[in-house]
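Asker:
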Amino acid sequence: MKKKLIVGLLCLCLAGSAVACKKGSDSKTPDTQQGVNINNANVELGEYKGVEVTMLSTEVTEEEVQKALESFVTGIKLEITDRKDVQTGDITNIDYAGKIDGEAFNGGTAQGTDLTIGSNQFIPGFEEQLIGHTVGETFDINVTFPKDYKEEGTTGSEVNGKDAVFTITVNALKRNATMDDLTDEFIAKYTESTGKSNSIEEWKTAKKQELETQKEEQAELKFKSDAIQAVIDNSEFKDDLSDQIKTIETNMKNYYQSIASAWGLEFPTFLSLFMGMTEEQFNTEIANSSEFYVKQEIIGSKIIKEENLVLSDEEYTTGLAQLANEAQAETPEAYETENGKEIIQQQLLLNKAYQVIFDNAVKK
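Quick note on my numbering: the sequence shown kicks off at 761 and runs consecutively.
1) DSSP three-state call for residue 966: helix, strand or coil?
2) With which residues is residue 853 paired in a DSSP beta bridge?
3) Residues in its own chain within less than 7 Å of residue 932 by CB, not counting five upstream and five downstream?
4) Output needed for residue 944: all residues of its chain with C-beta closer than 8 Å, excluding positions within five of it in sequence on either side, in chain order.
5) From 873, 821 and 1060, pick the residue whose C-alpha is nearest to that of residue 965; which is it?
6) Assuming residue 987 contacts residue 798 (C-beta within less than 8 Å), just tell me the rounded distance between them.
7) Measure the Cβ-Cβ separation of residue 859 and residue 925 and say whether it is below 7 Å.
8) Once you ignore the five residues that flank residue 1060 on each side, which residues in its own chain have a CB closer than 7 Å to its CB?
9) How would you call residue 990, buried or exposed, if buried means at least 16 neighbouring beta carbons within 10 angstroms?
10) Measuring straight from C-alpha to C-alpha, what distance separates residue 815 and residue 807?
11) Indicate the three-state DSSP secondary structure (helix, strand or coil) for residue 812 in the structure shown.
12) Rounded to the nearest angstrom, what separates residue 999 and residue 1097 at their Cα positions?
13) Output the distance between the C-alpha atoms of residue 793 and residue 1004, rounded to the nearest integer angstrom.
14) Output the distance between the C-alpha atoms of residue 915 and residue 888, rounded to the nearest integer angstrom.
15) Would you say residue 1012 and residue 1058 are within 7 Å of each other, going by their C-beta atoms?
16) Can you give me the C-alpha to C-alpha distance between residue 805 and residue 1084, rounded to a whole angstrom?
17) Quick check: the region 1020 to 1032 against the region 968 to 980, are at least 3 beta-carbon pairs closer than 8 Å?
18) Should residue 1037 be labelled buried (16 or more other beta-carbon atoms within 10 Å of its own) or exposed?
19) Pull up the CB-CB distance for residue 983 and residue 1123, whole angstroms please, since I reckon it's below 8 Å.
20) Does DSSP put residue 848 in a helix, a strand or coil?
21) As an exercise, report each continuous alpha helix (DSSP H) stretch of at least 4 residues that is fully enclosed by the region 953 to 1033, in chain order.
22) Taking buried to mean at least 16 other C-beta atoms within 10 Å of its own C-beta, is residue 867 buried or exposed?
23) Could you say if the region 898 to 917 and the region 822 to 838 meet the contact criterion of at least three C-beta pairs nearer than 8 Å?
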């Protein structure tokens, strides 16, 4: 999970979306980013045909399928019907409305929220006061926000250290399903909206195919990345590429920060939840990825010259349509207008250069 999003972005660049990776740079021309011109970079191109690449295994084991089944089952929430009182460990579905000094505050009201009692997901004292209340009951609880609930000056910090009253309604009690709940009927019921399976064995067969496809895609992406890295390692770069690398690094950081912002998450929280890394680890990965990106373009440019690669009208039309589709542009023409024909042509030529590496690589 750690490198998934970063590698994913780089692979998009390899596939032909590098134009998007460059947005925000000072130049619209692909070979005139801040720093060295990639077409004239001083590099001694190493062997790019016949590089050896160790392939990832795409085998899916029964253990992996079983683990996926267990994860699916335990992710299902079942309603508790044999009692109505809230107990530690229950998943309570609640509505709540908070007030401070009689006034509602931002983020203090929600409906239909699932809260596991004892998870410490909410502020101290909140969950404990739900214990013993019953489904259908509405009641008030009193809590005090921690003094360091939010960093001063950020959204939500205005409630730091303040007393609040929450009006709670318990809508339902739930629990996570266990493997004891697993039957063919269970599978049929809880897969109705996501590609229905009518039995456990049918689900396992479909899941195995899904996992195989995922592994094949991962193996192909890693193959391409490793093949290009092998050519980079074979080559000698004689220019100072720090300015170019810094430009890409900044653009990539802005990309991920914009995602975090769009989801309303603090950046460190976003990194922890979705990328499984700290900000320090992220910065290291971004720096390494940016260096890879810049050097891959340089070797791609050199291979274009070495192989005398050209782009036919048909290749341009087909490639433009593919790029527009990947970018979810309204039309190929709109994508071309937004990014510029010259940039798109250069990217498609680079893709042809990378394909020379891929076609001639030795898979082990």
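By construction, the Cβ of each residue, glycine as well, lies at the ideal position given by its N, Cα and C atoms.
Predicted, not measured: the structure shown is a model, and the values here were computed from it.
Answerer: According to the data block:
1) Working through the sequence shown from its first residue, we reach residue 966 at position 206. DSSP places residue 966 in the helix class (H, G or I) of the three-state scheme.
2) Counting from one through the sequence shown, the residue named residue 853 turns up at place 93. Paired residue(s): 874 and 932.
3) Along the sequence shown, read from residue 1 onward, the residue named residue 932 stands at position 172. Cβ neighbours of residue 932 beyond the five flanking positions: 839, 853 and 895.
4) Here residue 944 corresponds to residue number 184 of the sequence shown, with the count starting at 1. The residues are 958, 959 and 960.
5) On the sequence shown, position 205 is the one that residue 965 refers to. Considering only alpha carbons, the answer is 821.
6) If you number the sequence shown from 1, residue 987 lands on position 227. If you number the sequence shown from 1, residue 798 lands on position 38. Incorrect: roughly 19 Å between the Cβ atoms, too far for contact.
7) Numbered from its first residue, the sequence shown carries residue 859 at position 99. Numbered from its first residue, the sequence shown carries residue 925 at position 165. Against a cut-off of 7 Å, the Cβ pair of residue 925 and residue 859 comes out as a contact.
8) Position 300 of the sequence shown, counting from 1, holds the residue named residue 1060. Leaving aside the five residues that flank residue 1060 on each side, the residues in its chain whose CB is nearer than 7 Å to its CB run, in chain order, 1110, 1113 and 1114.
9) Here residue 990 corresponds to residue number 230 of the sequence shown, with the count starting at 1. With at least 16 other beta carbons inside 10 angstroms of its own, residue 990 counts as buried.
10) Indexing the sequence shown from 1 puts residue 815 at position 55. Indexing the sequence shown from 1 puts residue 807 at position 47. Straight-line Cα distance between these residues: approximately 20 Å.
11) The residue labelled residue 812 in the question sits at position 52 within the sequence shown. DSSP places residue 812 within a strand segment (E or B) once states are collapsed to three.
12) Within the sequence shown, the letter at position 239 stands for residue 999. Within the sequence shown, the letter at position 337 stands for residue 1097. Cα-Cα distance, rounded: 33 Å.
13) Against the sequence shown, residue 793 aligns to sequence position 33. Against the sequence shown, residue 1004 aligns to sequence position 244. Per-residue confidence for residue 793 stands at a pLDDT of 42, beneath the threshold of 50, marking its modelled position as unreliable; the derived number appears in the next sentence. Roughly 6 Å between the two C-alpha positions.
14) Within the sequence shown, numbered from 1, the residue matching residue 915 stands at position 155. Within the sequence shown, numbered from 1, the residue matching residue 888 stands at position 128. About 26 Å.
15) Here residue 1012 corresponds to residue number 252 of the sequence shown, with the count starting at 1. Here residue 1058 corresponds to residue number 298 of the sequence shown, with the count starting at 1. No, the pair does not count as a contact, with Cβ atoms beyond the cut-off.
16) The residue labelled residue 805 in the question sits at position 45 within the sequence shown. The residue labelled residue 1084 in the question sits at position 324 within the sequence shown. Taking the straight line from one Cα to the other gives about 32 Å.
17) With a cut-off of 8 Å, the region 1020 to 1032 and the region 968 to 980 do not count as touching, because too few Cβ pairs lie within range.
18) Counting from 1 along the sequence shown, the entry for residue 1037 is found at position 277. With 16 or more Cβ atoms within 10 Å of its Cβ, residue 1037 is classed as buried.
19) Stepping through the sequence shown from its first residue, residue 983 is reached at position 223. Stepping through the sequence shown from its first residue, residue 1123 is reached at position 363. The beta-carbon separation of residue 983 and residue 1123, rounded to 7 Å, stays under the 8 Å limit for a contact.
20) As a first step, residue 848 is located in the sequence shown; it is residue number 88 there, counting from the start. Here residue 848 sits in coil by DSSP.
21) Taking only runs of at least 4 residues, the alpha helix (DSSP H) segments lying wholly in the region 953 to 1033 are 960 to 994 and 1002 to 1022.
22) On the sequence shown, residue 867 is found 107 positions in, with the first residue counted as 1. Result: exposed.
23) No, the region 898 to 917 does not touch the region 822 to 838.
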